[in-house]
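*Asks:*
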């Protein structure tokens, strides 16, 4: 006799699902599948029993074979009656829930104009950065129902609108709790396009990636942790120093601020920029270029002729404003680093050795700052070499903050590492380079999407302690499946490893 499935009541009132194996001689064995306490559990156990019976067999969907005796005395369901349970949905549930929490945590759910299209594009940018059209495939694989590509194209221009970008900047600044005297970091990068034709916006210029193709210049403002506040796109041939003031002014207007502390590298600063910052009443902490040996450094060497500079020594040089300077008093700090000195001196030794070979005619004369040419005469510029060796290891920091503290100023400047990390995340993890866009409006909309994705990524990294790449690649492997069995909807999910469980706990229980 063929084995069959039966359901019986247990002493506790549960319903036990069993497979009964009988022989013609009357011998019988019972295989217990499990006990169900509700209809959904019963449907699952019966499906497990059917599939165990039908393993390796073809099945025929014949009426009446799956009938069950309502009395429950000894119902039987012959082998061959089972079927594969249909999957209603299959999604990256763990990852999608984490991204939804991040979306709300940074306040994007309160952004006017952040519709479902914008949300889907930001989500796809985090899961797998690709073109807008291919993002629909990413969303489908994640288990979402994407909008049409025509809808994406129709909505995209609105994300480049000034009102939308200002609202986004205001919202992100609110999350970062930017207020008077808050640190604001600024830096720029370049994004190139694989085309030979310039169009007035995509233009050849100084490239940080040493590319010759047309490019755009992108400025980024962040808080002191690298959390993005505003991104702006400029012509590819626009000088870096010409991007900072428009970006800061737009941000100040968007958030109604009258003062922040701007932190930027020396390469971002021109004399006009410093004057513009002063006219705007802004405070700043800037890297200082040191072409000549400052008086405080030469004085220290004069007073300590036979002593090596101690590692970490900080010298202070006040720079009071004159009657016609139209600026606040400045303070310049010079700090010595033994590690920086070793690296710099090693480079100087290499350059001087090449310069000596060039002067001796052993190698061709190439660009070398220590080679002095006077007509056909070559010589080593020993004064320049001496000055370079004296300055080796020193770094200058200038600020117009009143009564500044050197540790506070230098620490603020070193936070520029955070904005550099944000740029690296944008370029690598989020693939910010808009290679699929050609119109300025589309490029600016793309950067708005990247800014929102970067805000979520920074929040996730801060909350979990994981890199965004590790979190995405790990969480996307664990899917949530919904199954329909006998009219009941059941959810199944892959078990999570302990480290991911802890990361998700941090995400869903963060209070900020």
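In the working numbering, the protein residues as written are -7 to 504.
Beta carbons are placed, not taken as given, at the ideal position from N, Cα and C, and that holds for glycine.
What you are looking at is a predicted structure, and each value in this text was computed from that prediction instead of being measured.
So, at 8 Å on beta carbons, what are the nonlocal neighbours of residue 267 in its own chain, with the 5 sequence-adjacent residues on each side left out?
*Replies:* On the chain shown, position 275 is the one that residue 267 refers to. The answer, listed in chain order, is 318, 319.
*Asks:* Determine which residues share a DSSP beta bridge with residue 21 and list them.
*Replies:* Locating residue 21 in the chain shown gives position 29, where the first residue counts as 1. Note: residue 21 sits in a beta bridge opposite 13.
*Asks:* When you compare each of 277, 376, 290, 330 to residue 403 by their alpha carbons, which one comes out closest?
*Replies:* By 1-based counting over the chain shown, the position of residue 403 is 411. Comparing Cα-Cα distances from residue 403 to each of 277, 376, 290, 330, the minimum goes to 277.
*Asks:* With DSSP run on the structure shown, which of helix, strand or coil describes residue 220?
*Replies:* If you number the chain shown from 1, residue 220 lands on position 228. Residue 220: strand per DSSP, three-state reduction.
*Asks:* Quick one, are the C-beta atoms of residue 500 and residue 93 less than 8 Å apart?
*Replies:* Indexing the chain shown from 1 puts residue 500 at position 508. Indexing the chain shown from 1 puts residue 93 at position 101. Yes, the pair counts as a contact, with Cβ atoms nearer than the cut-off.
*Asks:* Using the rule of at least 16 other Cβ atoms within 10 Å of the residue's Cβ for burial, across every protein chain shown, is residue 173 buried or exposed?
*Replies:* In the chain shown, counting from the first residue as 1, residue 173 sits at position 181. Result: exposed.
*Asks:* Among the residues of its own chain, which have a CB less than 7 Å from the CB of residue 360, if the five just before and after it don't count?
*Replies:* In the chain shown, the residue the question calls residue 360 occupies position 368. Taken in chain order, the residues that qualify are 343, 346, 347, 350.
*Asks:* Tell me the start and end of each unbroken beta strand (DSSP E) in the stretch 306 to 344 that is at least 3 residues and wholly inside, in chain order.
*Replies:* 306 to 311, 322 to 328, all fully within the stretch 306 to 344.
*Asks:* Can you give the beta carbon distance from residue 326 to residue 286, rounded, assuming they're within the 8 Å contact cut?
*Replies:* Position 334 of the chain shown, counted from the first residue, corresponds to residue 326. Position 294 of the chain shown, counted from the first residue, corresponds to residue 286. 6 Å between Cβ atoms; contact.
*Asks:* Quick one: Cα of residue 13 to Cα of residue 4, how far?
*Replies:* Here residue 13 refers to the residue found at position 21 when the chain shown is read from its first residue. Here residue 4 refers to the residue found at position 12 when the chain shown is read from its first residue. Rounded to the nearest angstrom, the two C-alpha atoms are 25 Å apart.
*Asks:* Residue range of the alpha helix (DSSP H) that residue 97 falls in?
*Replies:* One-based indexing of the chain shown puts residue 97 at position 105. Element bounds for residue 97: 85 to 97.
*Asks:* Return the CA-CA distance between residue 461 and residue 421, expressed in angstroms with no decimal places.
*Replies:* Residue 461 sits at position 469 when you count from the first residue of the chain shown. Residue 421 sits at position 429 when you count from the first residue of the chain shown. Roughly 6 Å separates the two Cα atoms.
*Asks:* Determine, using beta carbons only, whether residue 417 and residue 98 come nearer to each other than 8 Å.
*Replies:* Here residue 417 corresponds to residue number 425 of the chain shown, with the count starting at 1. Here residue 98 corresponds to residue number 106 of the chain shown, with the count starting at 1. No; because the gap between Cβ atoms is not below 8 Å, this pair is not in contact.
*Asks:* Is the CB-CB distance between residue 108 and residue 139 below 8 Å?
*Replies:* What you label residue 108 is simply residue 116 of the chain shown in a count that begins at 1. What you label residue 139 is simply residue 147 of the chain shown in a count that begins at 1. Cβ atoms of residue 108 and residue 139: closer than 8 Å.
*Asks:* Buried or exposed for residue 216, going by 16 or more other Cβ atoms inside 10 Å?
*Replies:* Taking the first residue of the chain shown as position 1, residue 216 is located at position 224. When all chains shown are included, residue 216 counts as buried.
*Asks:* Is residue 279 near residue 257, with beta carbons less than 8 Å apart?
*Replies:* Within the chain shown, the letter at position 287 stands for residue 279. Within the chain shown, the letter at position 265 stands for residue 257. Going by C-beta atoms, residue 279 is nearer than 8 Å to residue 257.
*Asks:* Is it the case that the Cβ atoms of residue 9 and residue 26 are separated by a distance below 8 Å?
*Replies:* As a first step, residue 9 is located in the chain shown; it is residue number 17 there, counting from the start. As a first step, residue 26 is located in the chain shown; it is residue number 34 there, counting from the start. In contact: residue 9 and residue 26 (Cβ atoms closer than 8 Å).
*Asks:* With C-beta atoms as the reference, is residue 160 less than 8 Å away from residue 443?
*Replies:* Numbered from its first residue, the chain shown carries residue 160 at position 168. Numbered from its first residue, the chain shown carries residue 443 at position 451. In this structure, residue 443 lies closer than 8 Å to residue 160 by Cβ.
*Asks:* Hey, residue 439 and residue 253: beta-carbon distance below 8 Å or not?
*Replies:* Within the chain shown, the letter at position 447 stands for residue 439. Within the chain shown, the letter at position 261 stands for residue 253. The answer is no: Cβ separation not under 8 Å.
*Asks:* If contact is defined by three or more beta carbon pairs under 8 Å, each pair taking one atom from either stretch, is the stretch 144 to 152 in contact with the stretch 461 to 474?
*Replies:* Because the criterion of three Cβ pairs below 8 Å is not met, the stretch 461 to 474 and the stretch 144 to 152 do not touch.
*Asks:* Enumerate, from N- to C-terminal direction, the unbroken alpha helix (DSSP H) stretches of 4 or more residues contained entirely within the stretch 149 to 175.
*Replies:* Within the stretch 149 to 175, the complete alpha helix (DSSP H) runs of at least 4 residues are 154 to 167.
*Asks:* Who pairs with residue 226 in a beta bridge, going by DSSP?
*Replies:* Your numbering for residue 226 matches position 234 in the chain shown. Bridge partners of residue 226: 209.
*Asks:* Start and end of the alpha helix (DSSP H) containing residue 414?
*Replies:* For the purposes of this step, residue 414 is taken as the residue at position 422 of the chain shown. Unbroken alpha helix (DSSP H) run through residue 414: 408 to 419.
*Asks:* State whether the stretch 156 to 170 contacts the stretch 112 to 128, with contact taken as three or more CB pairs (one from each stretch) at a distance under 8 Å.
*Replies:* These segments do not touch.
*Asks:* How would you call residue 458, buried or exposed, if buried means at least 16 neighbouring beta carbons within 10 angstroms?
*Replies:* If you number the chain shown from 1, residue 458 lands on position 466. Buried, since its Cβ has 16 or more Cβ neighbours within 10 Å.
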